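Working notes for the structure below.
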Amino acid sequence: MSNKQIDWSNLGFGYIQTDFRYVSNYKDGAWDEGVLTGDATVTLSECAGVLQYAQTIFEGLKAYRTEDGHIVTFRPDLNAQRMIDSAKRLEMPPFSEEQFLDAVDKVVSANADFVPPYGSGATLYLRPYMFGTNPVIGVKPANEYQFRIFGTPVGPYFKGGAKPITIRVCDFDRAAPHGTGHIKAGLNYAMSLHAIVDAHNQGYDENMYLDSATRTKVEETGGANFIFITKDGKLVTPKSDTILPSITRRSLCYVAKEYLGMEVEEREVCLEEVKDFAECGLCGTAAVISPVGKIVDHGTEICFPSGMDEMGPVTKKLYDTLTGIQMGRIEAPEGWIRVIK
Ligand SMILES: *Cc1c(COP(=O)(O)O)cnc(C)c1O
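Those letters in the sequence shown? Residues 581 to 921, by the working numbering.
Written out as structure tokens, the structure reads:
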């Protein structure tokens, strides 16, 4: 496929096959050096560990063009480190940060035609992932693995501006204490599918998961962390061992403190106090921040003063500053932007 056929402004968030992907195999205790391939398919044993016991982890990051015409990625070292943490928790062999970054660079360079133009709002979404490949029938970790990265161009997350969404407090749990909520495992997403389909059927955009032990504290949604803004302009974000440490959320906390001079609190957040916040947003790579206008807790509505028409003013400032840093309009902290070409 040629990039000339892609209408960047009308791209959705779906899979479009690009020309090259990176593949490395783990066998006899070591990762091989990895290659780019044009083959977009995976052939596996019918008994592969990933197919039987879901031994798979993934990452997500974006490559995009900056104002001055470079192709860059945003803090990919943190994706590499997080994938190492995920691998360890699922008894998979870590893929080194150095090799991860090299693989990202190679995939982006080889598919440079698929990196959307600056200003289009579209990006090349990158999906690193790893899975157990050899036959496993007795329950144990696989001893052979494959690591891959492909890229797919995705459209601007919000077409025509970010409209606040409505979420519900969910009765299903996403993660257990001492479980796998803090790593990016496919199994966490498999678990959340029923809950999100049910939420959509009931007219909600997303689920707010509570801590499964007490069901009194805010955790996150299926794929994004929460930030709240207090009425006196502080940023508050939930602290918990069972939420996924979002790179976007960690970056926003830094930006709030160092660029906007805001106070930042990472602490337990009770569902009880959510009604007192002025603004709420969901953060993740895909949208950076999705504003939340309303949270419904079993019939009780929490409506944020920022309303249902636009992002709250502080959330907007955070959004503009972080996307400005990403796009090269605002100077980035040391090491945040990796220039590929
Ligand atoms: C990936 C993910 C996020 C967002 O993380 P980013 O690094 O900001 O993209 C949040 N929550 C969950 C459960 C995730 O899997």
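Yeah, the Cβ is synthetic: ideal placement off N, Cα and C, and Gly gets one too. All values derive from a computational prediction rather than experimental measurement.
Contact between F884 and T810 fails: their C-beta atoms lie close to 12 Å from each other, not under 8 Å. The Cβ-Cβ distance between I869 and T903 does not fall below 7 Å.
Between E838 and the set K668, E911, K720 and V854, the nearest pair of CA atoms involves E911.
Straight through space, the alpha carbons of R847 and F808 are spaced by roughly 11 Å. G609 sits away from V716, with the two beta carbons spaced by 7 Å or more.
Per DSSP, the unbroken beta strand (DSSP E) holding V816 starts and ends at L815 to P818. Relative to ligand 1, the nearest heavy atom lies less than 6 Å away from the CB of G864.
Using a cutoff of 6 Å, the CB of A742 does not count as near ligand 1, since none of the ligand's heavy atoms is closer than that. Segment contact: the segment 600 to 607 against the segment 617 to 626, three or more CB-CB distances shorter than 8 Å; contact assigned.
Within the same chain, Cβ atoms closer than 6 Å to the Cβ of N659 are found at E639 and L641, the five residues on either side in sequence being excluded. CA-CA distance, G864 to S831, rounds to 10 Å. V695 sits away from I729, with the two beta carbons spaced by 7 Å or more. In the DSSP annotation of this structure, Y595 is not part of any beta strand (DSSP E), being labelled neither H nor E. In its chain, beyond the 5 residues on either side, P871 and M891 have a beta carbon closer than 6 Å to the beta carbon of A742.
A distance below 8 Å between beta-carbons, with the five flanking residues on each side excluded, links S700 to the following residues of its chain, in chain order: W588, S589 and P736.
Around the beta carbon of V835, a 10 Å sphere encloses 16 or more other beta carbons of the protein chains shown; the residue is thus reported as buried. Of the heavy atoms belonging to ligand 1, at least one sits nearer than 6 Å to the Cβ of N805.
The closest CA to that of F654, considering only D693, M710, Q585 and L704, is found on L704.
Distance from the CA of T880 to the CA of S676, rounded to the nearest whole angstrom, comes to 47 Å. Taking all protein chains shown into account, G592 has fewer than 16 neighbouring C-beta atoms within 10 Å of its C-beta and is therefore exposed. Counting only runs of at least 4 residues, the segment 590 to 666 fully encloses the following alpha helix (DSSP H) elements, listed from N- to C-terminal order: 629 to 633. Each of N787, D682 and A702 was checked against the Cα of I776, and the nearest Cα belongs to N787. Cβ neighbours of I827 within its own chain (closer than 6 Å, five residues either side excluded): R655 and L658.
With respect to the C-alpha of P913, the residue from K921, P757 and T901 having the closest C-alpha is T901.
Scanning the segment 679 to 741 for uninterrupted beta strand (DSSP E) segments of 3 residues or longer gives 703 to 712 and 725 to 734, listed from N- to C-terminal end. Rounded to the nearest whole angstrom, the CA to CA distance from T598 to G718 is 37 Å. P697 sits exposed, since fewer than 16 C-beta atoms from the chains shown fall within 10 Å of its C-beta. Positions of the alpha helix (DSSP H) runs, each at least 4 residues long and wholly inside the segment 796 to 868, are given as 827 to 838 in order along the chain. For R669, the secondary structure class from DSSP, reduced to helix, strand or coil, is helix. In the DSSP assignment, M771 falls outside any beta strand (DSSP E) and lies within the alpha helix (DSSP H) extending over G766 to N781.
Taking C-beta atoms as the reference points, G712 and Q635 count as a pair closer than 7 Å. Short of 7 Å from the beta carbon of V684, and not among the five residues preceding or following it, lie these beta carbons of its own chain, in chain order: T653, P656, L706 and I729.
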